[in-house]
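Numbering that gives the first Met the number 0 numbers the first residue of the sequence shown as 0 and each following residue consecutively.
Yeah, the Cβ is synthetic: ideal placement off N, Cα and C, and Gly gets one too.
In this text the structure is predicted, and so the values were computed from the model without any measurement.
Okay, so here's the structure we're looking at.
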Amino acid sequence: MNTYDYVIVGAGSAGCVLAARLSEDPDVRVAVIEAGGPDIAQEIHVPAAFPQLFKSGLDWDLDSDPEPGIGGRRAYLPRGRMFGGSSSMNAMIYIRGNRADYDGWAAAGATGWGYADVLPYFRRSEDNERGEDEFHGVGGPLTVSDGRSGHPLASAFVRAAEQAGHKANDDFNGESQFGVGRYQVTQRGGLRCSTAVAYLHPALERPNLTVLSSARAHRVVIEDGRATGVELERGGAVEVVRAEREVVLSAGAYESPKLLMLSGIGPAATLSAFGIDVVRDLPVGEGLQDHYMSLLNFRTDVESLIGAASAANAALLQSEGRGPLTSNIGEAGGFFRSRDGLAAPDVQFHAAPVLFHQEGLGAPTEHGFAFGPCVLAPTSRGAVTLRSLRPDAAPRIVHNYLTTAADQDCIVAGVRIALEIAGQRAVADIATGSYGDRPDSDSDADILAWARRSGQTLYHPTSTCAIGSVVDPELRVFDVAGLRVVDASVFPTVPRGNTNAPTIMAAEKAADLIKADNGAEGAGR
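Given below as structure tokens:
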């Protein structure tokens, strides 16, 4: 039986950070259990190629149950299954969220998670090519850079939004989120800088760090109220890896709650229905939040990204780290209010210099571009629960997208903003027509009906093991010693923006909390 000080489940966005930070101490032994394998596929590292990972063996390829708010459709939910997790197949957009998100967490009882508390961890993780200031850091593991594609179709969206009266913003992570502009990205030299690239690979040379790849975690082993290890299956054999100090679940907002429930930690009624002995009755899996997005697609005669994978562009990427293959697809966007009087944005836009439809699965066969809104501060809540006692069974997932009047009003207002931008000269001059479905009329009812039938996830699930309900502010599972959850599932609410940077921040902070609890001084404390 293998024994370590710390056993981390998941070598994803949070797990890679924890593996690197905890193994900085040569006197501790760290193991990471990862269901996937090394991030060696070329499509992982070439930014514009990430949609090719969808539905592949590197994708958990989840689906929701029928979603009542979007006509009973099942939502396709891609999640990375390789070193780096979803940071190895996302759009690389570096957004932290809004100051109001974190101050709201702290005000609701998440002590130590206010904006002033978390900003040092964002800065510590970051190596921003623009340099250091009060909001940004340099010298951290994660390279943050300006996009090198600069595609004219993305620029057209920005110009059109400015023509519609929205201000330019060159730093959505600075003083204010409001406005339109280009996103900074987690890229290094034009290639993806996942948490595997930034954190895990440099740490793999350490003799005290072990990664158990192609290993599926079955459950947390709990003895006398304490987590003592993880049962896993690897190479057809089931074994237990023991943890002398802590087990840390970093398997994501869908898988971490599933593992807790399989371990006897969750809603007592659910566990009992599956015949699972109840270790702790906690609302695990409840409170699921996500960003729901609807995109308008346009035809154009302007060269889009469909021809990006040429030999010349591949050579340009390899030799100079620039060109169309560096595109993160969602190159530009912005943050807006759906109505007057809001102190923080509730709508976010993404703009892509290529057609993006059918939940990202529709192969573009002609030149086009896309942009549209997401519901940034959703009031809808869903749940993750068990489907089976088998550890290899996907969980049941229902987000309840657009099931509240507030979210319905928000998406309608967001689509109206998109239509207004689409009517500006910068878009009208290059759009040769609509691609795909459009609202049947200008009425709120028809716009909402279109959003329900056309929308998709923005890939930002959170809050299924939230601070205050499942874990305490130090991310320790209530009433279970030696067990933490460290990933986006602990967020009390989904941040206003893309969730990869906040997940990395949370893992940086958690590393300090773990070190402090186990007698080692954290670098940020």
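Contact between Cys373 and Gln347 is confirmed by a C-beta separation of about 5 Å, below the 8 Å threshold.
Around the CB of Asp58, 16 or more other CB atoms lie within 10 Å, so the residue is classed as buried. Residue environment for Ser387: exposed (fewer than 16 other C-beta atoms within 10 angstroms of its C-beta). Taking C-beta separations shorter than 8 Å and ignoring five residues to either side along the sequence, the partners of Asp439 in its chain run Asp445, Ala448 and Trp449, following chain order. When DSSP reads this structure, Pro119 sits in no beta bridge, so it has no partner.
It is roughly 29 Å from the alpha-carbon of Leu315 to the alpha-carbon of Phe171. According to the DSSP assignment, Asp169 belongs to no alpha helix (DSSP H), since it is labelled neither H nor E. Counting only runs that start and end inside the stretch 55-110, the alpha helix (DSSP H) elements of at least 4 residues fall at 98-106. Closest option to Ala19, judged by alpha-carbon separation, among Gly518, Lys508 and Asp516: Lys508. A distance below 7 Å between beta-carbons, with the five flanking residues on each side excluded, links Val397 to the following residues of its chain, in chain order: Ser63, Asp64, Glu66, Gly381 and Ala382. With fewer than three CB-CB distances shorter than 8 Å, the stretch 182-192 does not count as touching the stretch 106-117. If only uninterrupted beta strand (DSSP E) runs of at least 3 residues are considered, those enclosed by the stretch 423-507 are 430-434 and 482-484. In the structure shown, the three-state DSSP call for Pro323 is helix. Contact between Val16 and Thr142 does not hold, since the beta-carbon distance rounds to 14 Å and is not under 8 Å. For Ala13, the secondary structure class from DSSP, reduced to helix, strand or coil, is coil.
9 Å or more divides the Cβ of Pro282 from the Cβ of Ser488. The alpha-carbon separation between His135 and His44 amounts to approximately 25 Å. Sequence-distant partners of Ser212 (beyond 5 residues in either direction) whose C-beta falls short of 6 Å from its own C-beta, in its chain, are Glu33 and Gly36. Minimum Cα-Cα distance from Gly56 among the listed residues Ala369, Ala272, Asp100 and Met88 corresponds to Met88. Sequence-distant Cβ neighbours of Ala48 in its own chain, meaning closer than 8 Å and more than five residues away, are Gln41, Glu42, Ala308 and Leu324. For Arg215, the CB contacts under 7 Å within the same chain, skipping 5 residues up- and downstream, are Ala34, Leu231, Glu232, Pro390 and Asp391 in chain order. Proximity to Asp145 across Ile92, Lys257, Pro206 and His366 peaks at Ile92, based on C-alpha coordinates. Using a Cβ distance threshold of 9 Å, Ser86 and Ala202 do not count as a contacting pair. In the three-state reduction of the DSSP assignment, Gly359 falls in the coil class.
Listed as beta-bridge partners of Ala351 by DSSP are Ala369. In the DSSP assignment, Ile275 falls outside any beta strand (DSSP E), carrying neither H nor E.
Remark: C-beta atoms of Arg218 and Val476 do not approach each other more closely than 9 Å. For Gly178, the number of other beta carbons within 10 angstroms of its own is at least 16, and it is reported as buried.
Per DSSP, the beta bridge partners of Phe297 are Phe368 and Ser433.
Setting aside the 5 residues that flank it on each side, Ser453 is surrounded in the same chain by Ser293 and Asp436, each with a C-beta closer than 6 Å to its C-beta; the list follows chain order. The beta carbon of Arg129 lies closer than 7 Å to those of His135 in the same chain, with the five residues before and after it left out. For Val29, DSSP records a beta bridge to Tyr5 and Leu208.
Within the model, the alpha-carbon separation for Thr502 versus Ala252 is close to 11 Å. By the criterion of at least three beta-carbon pairs nearer than 8 Å, the stretch 404-418 is in contact with the stretch 330-338. Note on the stretch 225-285: whole alpha helix (DSSP H) runs with a minimum of 4 residues are 251-261 and 267-272, in chain order. Beyond the five residues adjoining it in sequence on each side, Ile275 comes within less than 6 Å, by CB distance, of Gly263 in the same chain, given in chain order.
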